[in-house]
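J.:
Residue numbers (my numbering): 11 to 95.
#1: Measuring straight from C-alpha to C-alpha, what distance separates residue 23 and residue 37?
#2: Residue 30 and residue 45 look like a contact to me (Cβ under 8 Å); what is the Cβ gap, rounded to whole Å?
#3: In whole angstroms, give me the CA-to-CA distance for residue 95 and residue 15.
#4: Alpha carbon to alpha carbon, how far is residue 54 from residue 87? Give it in angstroms, no decimals.
#5: Taking the alpha helix (DSSP H) that residue 48 falls in, what are its first and last residues?
#6: From the DSSP output, in three-state form, read off residue 78 for me.
#7: For residue 60, collect the residues of the same chain with a Cβ closer than 6 Å to its Cβ; drop the 5 residues on either side in sequence, then sort them by chain order.
If you want it as structure tokens, here you go:
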């Protein structure tokens with residue numbers, strides 16, 4: 011894929027390419043996040059609605075703070091949680 015040709019990977023004929031598959035594998039293993047499925051969801055509902063879904067998913071149920079995907083922890087109250095598990 012040439013940079014600047016597409017806004018999202020799913021617009022490319024090679025979607026999902028090998029590079030994305032490798033990155034997706036790492037994120038699935040480490041964080042239980044499926045990047046390919048996220049991109050398919052963005053294509054299905056649009057980026058605005060997808061961002062709303064993600065905001066709800068990564069909002070701490072205890073305090074309403076933000077949950078860090080990489081640390082599996084709320085930045086505000088310290089609750090240890092991975093919303094993807």
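In this text, a Cβ means the ideal position worked out from N, Cα and C, and glycines have one as well.
T.: Taking the definition as stated:
#1: Near 23 Å, if we compare the C-alpha coordinates of residue 37 and residue 23.
#2: With a contact defined as Cβ atoms closer than 8 Å, residue 30 and residue 45 qualify at about 7 Å.
#3: Each residue's alpha carbon lies about 34 Å from the other.
#4: In this structure, the CA atom of residue 87 is about 34 Å from the CA atom of residue 54.
#5: If you look at residue 48, you'll find it in the alpha helix (DSSP H) that goes 45-55.
#6: Residue 78 falls in the strand class under three-state DSSP.
#7: Only 51, 52 meet the Cβ criterion.
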